[in-house]
Ligand SMILES: Cc1cc2nc3c(=O)[nH]c(=O)nc-3n(C[C@H](O)[C@H](O)[C@H](O)COP(=O)(O)O)c2cc1C
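Residue numbers (this note's numbering): 715 to 1159.
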């Protein structure tokens, strides 16, 4: 079969644009209403998307109350979605800095059982500086430390997920032997940051373990992804950086003895789609009119670890000196670097930068007819920038529906996207090989 695209719905309750919650075309359902998520997941499932994904930052919204935000915990919500969907993968975010491996391993193994093998874990180290305070730490954990801790966390849960193979369950009423204890082994993981003895008390799940997804983009983030990730979410403002990221992570993965196709690279795309380019452009204009610089300023500040940008005049062209050195940022290092590069390259004012980021926070935004959006997707896919996309509709459900019912069929006609699910698991949707019996090596790349 020819190489096929992958689509993951990155679901923000009313849409990705910060003005979407006020737009007449966005869902009126409350952010805590399960039906909101069921409706969107079913649209994606009807279009045969690989997965639906929920982000999570472990901090309360800090935007002056001007954005619809603050919703539900992903594992709980995905467990409910597992019962209301049939085939689509279910990807949840969980933090390696502020969780415990044993609890985490039980929850995700359970989600994989409940969904019949559709679970994926977006492995994050939690960049938001306030997260530490919510977990009783005096100061937030630095960038490098977070990745060192993450290595241990994943090694620990990976060992736990191998500790209780489901083959150990005989459930034999005749003999009275429910389990073969000889097949169940402790994990005995002893790290600097995490220790867990195991074995797990949940048997191995339909996929062996959930699919590993990761989104780090700094040097340490890429190294981590190359070792562990089976899919990568990534944010790019243009094709060139997406191409160099794509080749870099695949090359690094080879350094770990993996094949390039063992990692599915999914840049974000937030597309405003209309029956004409003008109509599509109007979608952005309507959305931009529903937001304010105050929201963007709060977001910008968070990405730079709390730096205050409010003293900068909105209509003056930005200079390097307006930003803290992004290489020293402990919060979202790669995103901070991308923002500085964008502002300087395009000679933006602060207002202009905030406007650029209002749509998709530094992900690629596209504007056009279904045919034009399909062309962009095909181009990135064929020129080494993407294996598929994190689909980030600016308005939910309206723009998601248009993508699902108008863009996807064009790609299907071009023989680039499935007409039916072939397997029942997220691993099979992504075309990934079964879980290896051994842990990946730690010390290359
Ligand atoms: C599509 C996408 C989704 C992400 N979702 C989350 C999330 O839910 N929670 C979180 O703390 N970080 C999330 N991140 C941030 C990454 O985990 C990572 O911290 C960020 O890309 C910065 O990477 P770096 O620390 O390697 O520079 C996401 C990133 C991307 C590209």
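Note that the Cβ used here is the ideal one computed from N, Cα and C, for glycine as well.
Quick caveat, the model's predicted, so the values are computed rather than measured.
- For residue 907, the CB contacts under 6 angstroms within the same chain, skipping 5 residues up- and downstream, are 863, 866 in chain order.
- Within the model, the alpha-carbon separation for residue 898 versus residue 839 is close to 30 angstroms.
- The three-state secondary structure of residue 768, taken from DSSP, is strand.
- When the Cα atoms are used, residue 1047 and residue 789 turn out to be separated by approximately 27 angstroms.
- Between residue 1083 and residue 990 the beta-carbon gap is near 7 angstroms, inside 8 angstroms, which marks them as a contact.
- For residue 752, the uninterrupted alpha helix (DSSP H) segment begins and ends at 748-760.
- In this structure, residue 1011 sits away from residue 1032, with a CB-CB distance that is not shorter than 9 angstroms.
- Look at residue 980 here: in three-state DSSP terms it is strand.
- Excluding sequence positions up to five before and after residue 826, its CB lies within less than 8 angstroms of the CB of 832, 833, 919, 920, 921, 923, 924, all in the same chain and listed in chain order.
- Of all alpha-carbon atoms in 1122, 1138, 1139, the one lying nearest the alpha-carbon of residue 1131 is that of 1122.
- A straight-line Cα-Cα distance of about 12 angstroms links residue 1008 and residue 1022.
- Contact between residue 836 and residue 947 holds: their C-beta atoms lie close to 7 angstroms from each other, under 8 angstroms.
- Remark: the shortest separation between the CB of residue 1049 and any heavy atom of ligand 1 falls under 8 angstroms.
- Inter-residue distance for residue 1017 and residue 950 is about 16 angstroms (C-alpha atoms, whole angstroms).
- If you ignore the 5 residues before and after residue 770, its C-beta comes within less than 6 angstroms of the C-beta of 788, 807, all in its own chain and listed in chain order.
- Three or more pairs of CB atoms, one per stretch, sit closer than 8 angstroms, so the segment 715-728 contacts the segment 1096-1106.
- Secondary structure at residue 961: helix, using DSSP grouped into helix, strand and coil.
- The beta-carbon distance between residue 1098 and residue 996, rounded to whole angstroms, is 33 angstroms. This is too long to meet the 8 angstroms contact definition.
- Distance from the C-beta of residue 841 to the nearest heavy atom of ligand 1 is below 8 angstroms.
- For residue 824, the enclosing alpha helix (DSSP H) starts and ends at 815-828.
- In this structure, residue 791 has its beta carbon at no less than 8 angstroms from each heavy atom of ligand 1.
- The beta carbons of residue 1125 and residue 719 sit closer together than 9 angstroms.
- For residue 833, the enclosing beta strand (DSSP E) has its first and last residue at 833-838.
- Between the alpha carbons of residue 851 and residue 811 lies a distance of about 11 angstroms.
- Short note on residue 769: C-beta closer than 8 angstroms to some heavy atom of ligand 1.
- Ranked by how close their Cα comes to the Cα of residue 848, the residues 872, 1116, 774 have 774 in first place.
- Closest by C-alpha distance to residue 929, out of 916, 945, 941, 915, is 945.
- Pairing residue 1077 with residue 984 gives a Cβ-Cβ distance under 9 angstroms.
- About 6 angstroms separates the Cβ atoms of residue 1111 and residue 754, confirming a contact at the 8 angstroms cut-off.
- Each of 1014, 913, 993 was checked against the Cα of residue 878, and the nearest Cα belongs to 913.
- The criterion of a C-beta distance shorter than 9 angstroms is not satisfied by residue 960 and residue 943.
- Of 1149, 1148, 1144, 1074, the smallest CA-CA separation from residue 801 is found for 1144.
- A distance criterion of 8 angstroms places the beta-carbon of residue 932 in contact range of ligand 1, judged by its closest non-hydrogen atom.
- At a threshold of 8 angstroms, residue 731 does not count as near ligand 1, since its beta carbon sits no closer than that to any of the ligand's heavy atoms.
- DSSP places residue 1022 in the coil class of the three-state scheme, outside both helix and strand.
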